[in-house]
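Under our numbering, the first residue of the sequence shown is numbered 7, with each subsequent residue one higher. In this text, a Cβ means the ideal position worked out from N, Cα and C, and glycines have one as well. Notes follow once the structure below has been shown.
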Amino acid sequence: VWELYEKYPEMQKEFADMKVLWQWVSAPFEVHTTKKDIQSLEDIQGLKLIVWTGDLARMVSALGANPVETTPHDTYLSLQRGMADGVVCPIAPMKAYKISDVTKYHIILGLMTTHFYAGVNLDKWNSLPADMQQVLVDTTGLTMVEVSGKTLDSGAAKDTEWMKEKGHKFTVLSEDERAKWQAKTQPIVDEWVKKMEDQGFSNARQIVEDAYALSAK
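Pasting the structure below:
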């Protein structure tokens, strides 16, 4: 996302009132279930899956499952009480929220990520001494992008091994199977692109394609 931000003025305009120091994305959202070992798109049909955002609820619905919206803090109890069959979330927060205590099966497909950024109000930034501004510039940007990514990746890898030791099963979907899931959610992406194009962002499709290419690195 940092590379996209630096490349496209349209994205920079979204933060016109801020000095953006760095941007990053969450760890990928995966599917975690309590009892059902999912191996294919067919296996997810009709399942009740906890989601934390409205956008994710739309994706889960498109896949054929039934979204149950709640908060990260309430996910553990909801799963423990059988109010849902699983949850769609990154691996990173599962241990902290005790989600790993009530799930057993994990489908690795990289369904989506969420966007984060750090910055300073532009008026405040302009009031800072030049040397302080330079320190912030030198210690953030791509440096912090890489630190953020490595921290999330290493945390997820460590927690994955911890869960495997406890008997959890992890399944990485094949590219062919993953393509079936992506085809179901593609209309949501297309709808967003059209919405952006209608607002005057003629290169919205190119931005999306660049995002896919960068995420594949």
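Secondary structure of residue i, DSSP reduced to three states
i: A124; result: strand
i: V178; result: strand
i: W58; result: coil
i: T149; result: helix
i: G206; result: coil
i: P193; result: helix
i: V141; result: helix
i: G173; result: coil
i: Y218; result: helix
i: I113; result: strand
i: V108; result: coil
Whole-angstrom C-beta distance between residue j and residue i, which should lie under 8 angstroms
i: G147; j: L27; result: 7 angstroms
i: A33; j: A98; result: 5 angstroms
i: V141; j: M24; result: Contact doesn't hold; Cβ gap of about 18 angstroms is too wide.
i: Y103; j: T81; result: 6 angstroms
i: L117; j: V94; result: 6 angstroms
i: I213; j: Y14; result: 6 angstroms
i: H121; j: V7; result: 6 angstroms
i: L115; j: W58; result: Not a contact, Cβ separation roughly 17 angstroms.
Cβ neighbour criterion (16 or more within 10 Å) applied to residue i
i: E36; result: buried
i: M138; result: exposed
i: G206; result: exposed
i: V178; result: exposed
i: P96; result: buried
i: S106; result: buried
i: T157; result: exposed
i: A22; result: exposed
i: G92; result: buried
Residue i versus residue j: straight-line alpha-carbon distance, rounded
i: P78; j: D144; result: 34 angstroms
i: G88; j: K41; result: 10 angstroms
i: S208; j: D43; result: 42 angstroms
i: K54; j: L83; result: 15 angstroms
i: W30; j: V199; result: 21 angstroms
i: K110; j: W168; result: 12 angstroms
i: Q51; j: G70; result: 5 angstroms
i: A90; j: V108; result: 11 angstroms
i: S221; j: E20; result: 22 angstroms
i: A219; j: D182; result: 18 angstroms
i: K170; j: K101; result: 13 angstroms
*Identify every run of the beta strand (DSSP E) within the stretch 7-78, keeping only runs that are complete inside it and at least 3 residues long; order them along the chain.*
Counting only runs of 3 or more, we get 24-31, 36-39, 54-57, 72-75.
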